[in-house]
Structure formats: structure tokens, C-alpha cells
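Asks:
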Amino acid sequence: MSDIRSNGKEDLLVVRNLVKYFPVRSGFLQRVSGWVRAVDDVSFTIRRGETLGLVGESGCGKTTIGRTILRLIPATSGSVDFDGRSVLEVDGRELKTLRRDMQIIFQDPLSSLDPRMPIGECIGEGLKVHKIGTHREQLETVHRMLRMVGLEDYHARRYPHEFSGGQRQRIGIARALALRPRFIVCDEPVSALDVSIQSQVLNILRDLQAELNLTYLFIAHNLSVVEHISDRVAVMYVGKIVELARRDELYRNPLHPYTKALMSAIPIPDPRLTRERIIL
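So in our numbering, the last one in the sequence shown is 410, and the numbering has no gaps at all.
Set out below in C-alpha cells:
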């Protein structure tokens, strides 16, 4: 596995030997009969202002890594350090403070928004939970976030079903940005969108990263999407990272057979050309 070595002060997120197993229960008493090794001894680092693309097929453990890093689900073992603080060990008020710095953009924008709430309330909910600013200041923050993702102030009064898929994903991005985080897990944020809308959302994410100095873990199953936004790419297969390299290096010279198989599945934008498909 090709890797770029950790560089201490530059690393914002350090994941070491992360493990997440899910129990398999069977029988009348639902006793544990086995374990699903969703994440099996995974280690990597992400530098400040960097985008690490995490790519692999469905079921390989990509989303589980993102949710475990954010403490949305408990880890079986391992360590996650964010800016020198142990994410898996903090509790109470310290965990609440840490959550302001670490946010997530979900894959399905519609199911991640409350259909009974105007999107202005959805975006501003985190501000209320953390008691940031007065009501007027919170409303100003919501409007500012909407404008940052290409929407207008009046959209804050509308409900999720009144927006297109691309607009709903922009709302999801605005909600993640409302607390001014430093690190965002982008969990397949464009996989449910049309190709033309995908490029718009990717450009928004890239522009916001440059403007706000954000750090991304960008999860996807499409290598061509990851290529446009990532600085480094990690390839995941059955719970393990099998290859990790700089983007250009990985696309120019993939080493692992699974990476080569993923590369062979990328469509060529010319009907006259064909590529040999590698089947594992």
C-alpha cells in the first residue's frame, strides 16, 4: 500500500487501527453467532485543508468509517485523534464542543431533512443546540449560509419537498457549514444526483474549502468523481484500506488489483474506444 507519511503538526485527523465489528445474532435467544468486520484495522491521516477521497464498492465499510470517526456509532477498538484530542474518549461537554468542529453531509439529502421544518430551521438547528448568537444573529447566519451555496434568503421559509435534489444537497451543505466546522465527512454527497448537478455541487464544495480552509473526508464509489476533488485517494476493500496514494500517482499507476478493477470500470467519454473490464 502506497502511503504519504504523517507530518505531525499538519495532521488534523489521525486514525489508527480503527475497528468496527457488528454482531450477527441467530436463534430464538438472538445470541451472537458471528461478526461482520465492517472496518478492520484501518489507519490514515488527513492534513489541514486537504481532501482525502475514500473509494470502494457498496458494503466495503466506507460510510461506517465516516460515522465511527464522528462518534455517530461506537468503535470496537482503535483511536481517532482530531487536532490532538481523542474523539473516542471525550464525553459530555467536551464531546459537544468537538461536534462543532466535525460535521457530515449525508448521501440522501431528502431523508436527512425534517419534512415538517422549513429549511431555515433545519440549517439553524445546530446554532440553537449550541446556543450560538441571538435569534436575529442565527437568522443572519442561516441567510449567509444559503447565499454561500447559491440559494436565496427567501428559501429559508420553504420546506424540503419544494426543492430539487441538487438544491436539497446544497441545503445539506449549508447546514453542515452553519457551525463553522473545520472538518466535514462528505458521505457520497453527489451519488444521488444527475451528472450535470454533480459537477455544480463538487464545485461548491471545492470553492468553500478554499474560502473557509475546510478539511474533507470525501466518501464515494465513483473514482471519476473522486479524481476531481481529492488530494489523496484511499481505496477500501472488504473493510481494509488496500491502497493509499496521491491522486495523480494512483490514477497514473494503480498498484493493487482491486484498484485496477475499479479503474477499468470508469467509462471512456468516446463511443469509439473500449477498455478491457477487469472482473475480480
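Ideal placement from N, C-alpha and C gives every residue a C-beta, glycine not left out. Since this is a predicted model, take the numbers as computed values, not measurements.
Straight-line CA distance for Q299 to R167?
Replies: Cα to Cα, Q299 sits roughly 31 angstroms from R167.
Asks: Per DSSP, E373 forms a beta bridge with which residues?
Replies: Paired residue(s): V365.
Asks: Mind pulling the beta strand (DSSP E) runs of 3 or more residues that sit fully within the region 134 to 208?
Replies: Within the region 134 to 208, the complete beta strand (DSSP E) runs of at least 3 residues are 141 to 156, 161 to 177, 181 to 185.
Asks: Buried or exposed for G157, going by 16 or more other Cβ atoms inside 10 Å?
Replies: It counts as exposed.
Asks: Taking the C-alpha atoms as reference points, what is the distance between T389 and E318?
Replies: Approximately 19 angstroms, taken between the alpha carbons.
Asks: According to the Cβ coordinates, are Q233 and A322 closer than 8 angstroms?
Replies: Result no, Cβ atoms of Q233 and A322 do not sit closer than 8 angstroms.
Asks: Quick one, which of D283, E292, P311, I303 has its alpha-carbon nearest H260's?
Replies: Looking at the Cα atoms, P311 is the closest of the given residues.
Asks: Check the DSSP bridge columns for R246 and list the partner residues they point to.
Replies: Partner(s): none; R246 has no beta bridge.
Asks: Would you mind working out which of P245, L353, F293, R274 sits nearest A395, comparing C-alpha positions?
Replies: A395 has its Cα closest to that of L353, out of P245, L353, F293, R274.
Asks: Since F174 contacts L380 with CB under 8 angstroms, what's their CB separation in whole angstroms?
Replies: Not quite, the Cβ-Cβ distance comes to about 14 angstroms (not below 8 angstroms), so this is no contact.
Asks: In three-state terms, what does DSSP make of D213?
Replies: Of the three classes helix, strand and coil, the one that applies to D213 here is coil, per DSSP.
Asks: Leaving out the 5 sequence neighbours to the left and right, which residues in its chain are closer than 6 angstroms to A304 when beta-carbon positions are compared?
Replies: These residues qualify, in order along the chain: I253, M275, L276, V279.
Asks: Between R229, V368, A364, H351, which has its C-alpha nearest L307's C-alpha?
Replies: Checked all of R229, V368, A364, H351; the closest Cα to L307 is R229.
Asks: Within the region 319 to 352, note down every full alpha helix (DSSP H) run reaching 4 residues or more, in order along the chain.
Replies: Fully enclosed alpha helix (DSSP H) runs of 4 or longer: 325 to 342.
Asks: When you compare only the Cα positions, how much space is there between G222 and R382?
Replies: Straight-line Cα distance between these residues: approximately 46 angstroms.
Asks: Go to Q237, then tell me how far its alpha helix (DSSP H) extends in each direction, as first and last residue.
Replies: Careful: Q237 lies outside any alpha helix (DSSP H) and carries neither H nor E.
Asks: Counting pairs of beta carbons, one from the region 239 to 248 and one from the region 288 to 299, are three or more of them closer than 8 angstroms?
Replies: Flag = yes, the region 239 to 248 and the region 288 to 299 touch.
Asks: Decide if P204 is buried, meaning its Cβ has at least 16 other Cβ atoms within 10 Å, or exposed.
Replies: The residue is exposed, with fewer than 16 neighbouring Cβ atoms inside 10 Å.
Asks: Inspect the CB distances between the region 176 to 194 and the region 359 to 372 and report whether three or more fall short of 8 angstroms.
Replies: Yes, the region 176 to 194 is in contact with the region 359 to 372.
Asks: Which same chain residues, not among the five before or five after D283, have their C-beta less than 8 angstroms away from its C-beta?
Replies: Excluding residues within five positions, the ones whose Cβ falls inside 8 angstroms are H273, L276, R277.
Asks: Is P384 buried or exposed, if buried means 16 or more other CB atoms sit within 10 Å of its CB?
Replies: Flag for P384 reads buried.
Asks: How is I253 classed by DSSP in three states: helix, strand or coil?
Replies: I253: helix per DSSP, three-state reduction.
Asks: Just curious, the alpha helix (DSSP H) that V418 is in, first and last residue?
Replies: With the chain running from 131 to 410 in the structure shown, residue 418 is simply not present.
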